[in-house]
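Going by this note's numbering, the sequence shown opens with residue 5, and the numbers climb by one from there.
Idealized CB from N, CA, C, for every residue including glycine.
This one's a predicted model, so the numbers in the text were calculated from it and none came from an experiment.
I have placed the structure first, in the form of C-alpha cells, so that the comments after it can refer back to it.
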Amino acid sequence: MQKLLFNFRLPGITFSNIPVFSRTIVLAVVWVTAGLFPSASFAQLSVNSPVARPLFDKKTVGEVRLTLPTSDWVSVLDSLRIYGTEAMPAAVVVDGVRYDGAAVRFRGDKSYAKGLKRNPFSIKLNSTIPTQNHQGYTSIKLSAAVRDPSMAREMLFHEIASKYMPASQAAYTKLYVNEEYIGVFVNVESIDKQFFETNYGDARGAAFKAGVDNKPENLPATCKQNIFGSLEYEDNLDCYKGNFELDSRGGWTELQELTRKLAQEPANVGQVLDVDRALWLLALNNVMVNLSSYSGNYSVNYYLYRDGNNRFQPIHWDLNLSFGSYKNTGSGSDLDLRDLQNLDPLLHADNLYKPLVSQLLKEPLNRKIYLAHIRQINEENFLNGAYLKRAQELRGMIVVPFNDDKNKTYSYDDFQRSLNETVGKRSKIPGLTELMGKRSKFLKVHPELTKLPPMVSEMTVKGRAKFENQKLNAFVVSARADKYPLRMYLYYRFADHDAYTMVVMSEENNTAGLAGGAKSFVAQVEAKSQDAVLDYYILAENVGAVGFLPSNYPKQPFKVKLSDLNK
5 MQKLLFNFRL PGITFSNIPV FSRTIVLAVV WVTAGLFPSA SFAQLSVNSP VARPLFDKKT
65 VGEVRLTLPT SDWVSVLDSL RIYGTEAMPA AVVVDGVRYD GAAVRFRGDK SYAKGLKRNP
125 FSIKLNSTIP TQNHQGYTSI KLSAAVRDPS MAREMLFHEI ASKYMPASQA AYTKLYVNEE
185 YIGVFVNVES IDKQFFETNY GDARGAAFKA GVDNKPENLP ATCKQNIFGS LEYEDNLDCY
245 KGNFELDSRG GWTELQELTR KLAQEPANVG QVLDVDRALW LLALNNVMVN LSSYSGNYSV
305 NYYLYRDGNN RFQPIHWDLN LSFGSYKNTG SGSDLDLRDL QNLDPLLHAD NLYKPLVSQL
365 LKEPLNRKIY LAHIRQINEE NFLNGAYLKR AQELRGMIVV PFNDDKNKTY SYDDFQRSLN
425 ETVGKRSKIP GLTELMGKRS KFLKVHPELT KLPPMVSEMT VKGRAKFENQ KLNAFVVSAR
485 ADKYPLRMYL YYRFADHDAY TMVVMSEENN TAGLAGGAKS FVAQVEAKSQ DAVLDYYILA
545 ENVGAVGFLP SNYPKQPFKV KLSDLNK
C-alpha cells in the first residue's frame, strides 16, 4: 500500500510522517487529547438551546459548523478522498445542536476538485456512536453545486421529482469549518436506511449506486468495457462490481437477474423492477435535460434499492449537472444549446446499450405511459412557469450568503445572470429560462406528445344497496373515458408500500352511442377482509395515448374503505 505522509500542528502537539491509513485512529486520539471534545463520552450538546429547525426546511437557510483537528484540513481531506475511504474525526454543530464523535470526508466524482475548500462534503454523525442522529438522520451530504451558477438546479429537480416518485429532500445550508465561512451549500438527503424506511417501508433490501469511485483490481477479462451503470447483462457476476457500488450486505445476484430480465425477458421485468417508477425517472431526466445520469453517456448517478416486494426501485442522485449543465448523451460530441432545448423525448428508445430505455419502451403501453409522464411534468411545472417562480424564490433566500462566499466558483454577476443567460465561455452552462422556456414549448408541440389522451370521468365504487342485508365483500369500480378508449386498467393495492396489481377492466354493454367516443368499464376486486382499504387509480388507453385518474396517483391514489361502502 502506498503511504501518503503529511504534517500539521495542534496546540502543543506536532504530527509528522503519519501514514494516511493510520490517520483516523491517530486523529481521533489527538482530538480527545487536545481537548477538542468536551469529554470522551461524546455527548450531544445543544448550543444556546435553539428552537429545532427541520433539517430540510424549505423556507430558511440552515447552518453546519465543523471543528476539525488541523488547519491544513483541505490537504488531509484530499488525501482521504484520493487514497481510500477513511474519514477525519470532527465535531459538528447542526443548526445549533452539537455532535461529537462525528467524521467527515470530501465526496463526489465530477464535482470533486483537489485543493479546494468548496468541495462536496459527507458528514457521518454516527461515526463513533451508532445511535447518534440529528432528527433521525445519521449523515449529512453537502453539495457544492459545481457547474451550477444559478444554485437552483438540484433544489428544483429534487422538488419536482418528489411530486412523482421518492426523491431526496434538499435545502440550503451555510457551512463553516474551524470558524471560517466556506459558503452556502445544498444539503441533500442521503440515500440510506432512513430514506428506504421512509419511502418504501423497509430498509433491509439490497442497495446499489451506479458508478464507482475506485474500480476493483483484477476484474475478469471477459467483462464488457465502458458500460458503466447501463444495466447491460453480464454472465460473470464479478463484472458488476466494476460498475456499481454495493451499499448493503448482498444483492449482486439480484442485480444480475434484473439485467438478465431486461435483456432476455423484458415482458417479465416488472417482477423485479418497479417499471412505472423507472419510467418516471427517465421522463424526469429527459424533460429537465439531466444527462449526468442513466440518460447520458456514462449511465451513472442513480441508486437501485430492492424493496420488500423484491422489486428494484430507481432513485435520482447528484443533480447539480441537470438542466443542461452536462451535455453528452453518449452519441457524438457535447450538445449545443439548441440541441439541449430540442432533446428528443424518445432519446435512447432504440439504443440497445441503454436497455432500461429501449427494452421498456419497446412495449407499446410502457411507451404511452412514459410519454404521458413527460407531458404531465412539462404541463405542471414548465409550461405554466411554476419552475421560474420557484427558482426566483429559492435564489432569493441565498443572495447574501452567496455574495459573502469567498470560495465561490462563480461571481455574483454570474449568479444573477444564470437564471436567464448562458454562463461560462468554455462550459457554457445554459440559463434556466433560456433552456426550459424553449424546451417546454418544443415538448408541447412534439408529434409524440400531441396525441390526445382519453379523459377518465364518472368514476364510482359500488356501495351496499339501501335495504340490502348482505354485506359487500368486494370492491366494484366503474369509470367512463372519452376519445375512443381501447382499454381501461385498474391498478390497486391494500397497503401503502405494496406493489400495485393491474387488472384489465371489462367494457360495459350499455355504452354504445355515448357522445365523444366514450365508453364505460368495470372491474371487481375481492376484499381481503371487512376491514380492507383499497388504494387505486385508473389508466385509460386509446390508439395514441393514455390518461390517468387521479393524475397525481404517485402521491395520492384514490382510497376507499370497504366498511364505508357497507354503511
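Quick one: what's residue i bridged to in DSSP?
i, result
"residue 492", "544"
"residue 71", "95"
"residue 401", "None, per the DSSP bridge assignment."
"residue 185", "180"
"residue 555", "Note: residue 555 sits in no beta bridge, so no partner."
"residue 506", "495"
"residue 571", "Residue 571 pairs with nothing; no bridge assigned."
So, helix, strand or coil for residue i, using DSSP?
i, result
"residue 118", "coil"
"residue 357", "coil"
"residue 317", "strand"
"residue 330", "coil"
"residue 565", "strand"
"residue 538", "strand"
"residue 560", "coil"
"residue 85", "helix"
"residue 27", "Caution is warranted here: a pLDDT of 42 is assigned to residue 27, below 50, making its placement in the model unreliable, and the coordinate value is therefore given only provisionally. DSSP places residue 27 in helix when its eight states are reduced to three."
"residue 499", "coil"
"residue 90", "coil"
"residue 136", "coil"
"residue 50", "In this prediction, residue 50 has a pLDDT of 47, which is less than 50 and means its spatial position is unreliable; what the coordinates show is noted afterwards. Correct three-state label for residue 50: strand."
"residue 384", "helix"
"residue 390", "helix"
"residue 343", "helix"
"residue 264", "helix"
"residue 62", "coil"
"residue 371", "helix"
"residue 43", "Bear in mind that the predicted position of residue 43 carries a pLDDT of just 34, short of 50, making it unreliable; the figure below should be weighed with that in mind. Coil, per DSSP."
"residue 484", "strand"
"residue 531", "coil"
"residue 364", "helix"
"residue 310", "strand"
From the options, pick the residue whose C-alpha is nearest to that of residue i; which is it?
i, options, result
"residue 81", "109, 96, 65, 69", "109"
"residue 212", "307, 258, 135", "307"
"residue 225", "150, 232, 243", "243"
"residue 442", "345, 151, 540", "345"
"residue 202", "458, 311, 525", "311"
"residue 274", "318, 168, 172, 571", "318"
"residue 565", "314, 496, 283, 271", "496"
"residue 281", "215, 231, 297, 377", "377"
"residue 182", "78, 368, 400", "78"
"residue 368", "547, 313, 399, 475", "547"
"residue 522", "170, 113, 488, 503", "488"
"residue 471", "253, 293, 520, 571", "571"
"residue 106", "88, 73, 398", "73"
"residue 531", "563, 478, 553, 494", "478"
"residue 452", "398, 374, 426", "374"
"residue 157", "283, 396, 563", "396"
"residue 331", "509, 298, 468", "298"
"residue 62", "87, 123, 163", "163"
"residue 291", "261, 165, 309, 422", "165"
"residue 348", "325, 357, 335", "335"
"residue 216", "229, 194, 245", "245"
Out of curiosity, what's the CA-to-CA distance linking residue i and residue j?
i, j, result
"residue 447", "residue 379", "8 Å"
"residue 390", "residue 381", "11 Å"
"residue 69", "residue 339", "40 Å"
"residue 482", "residue 561", "16 Å"
"residue 147", "residue 187", "11 Å"
"residue 206", "residue 199", "9 Å"
"residue 407", "residue 429", "22 Å"
"residue 154", "residue 402", "11 Å"
"residue 436", "residue 152", "10 Å"
"residue 132", "residue 172", "25 Å"
"residue 384", "residue 394", "13 Å"
"residue 439", "residue 328", "8 Å"
"residue 303", "residue 214", "7 Å"
"residue 240", "residue 462", "53 Å"
"residue 93", "residue 140", "21 Å"
"residue 421", "residue 126", "30 Å"
"residue 252", "residue 285", "22 Å"
Ordered list of alpha helix (DSSP H) runs contained in the region 140 to 183, each at least 4 residues: Runs found: 157 to 165.
Ignoring anything shorter than 3 residues or poking outside the region 407 to 480, list the beta strand (DSSP E) runs there in chain order. Correct list: 460 to 465.
Only counting runs of 3 or more residues, tell me where the beta strand (DSSP E) segments fall wholly within the region 190 to 262, in order along the chain. Entirely contained in the region 190 to 262, the beta strand (DSSP E) runs reaching 3 residues are, in chain order, 211 to 214, 248 to 250.
Going residue by residue through the region 268 to 300, where are the continuous beta strand (DSSP E) segments of at least 3 residues, counting only ones entirely within it? Complete beta strand (DSSP E) runs here, min 3: none at all.
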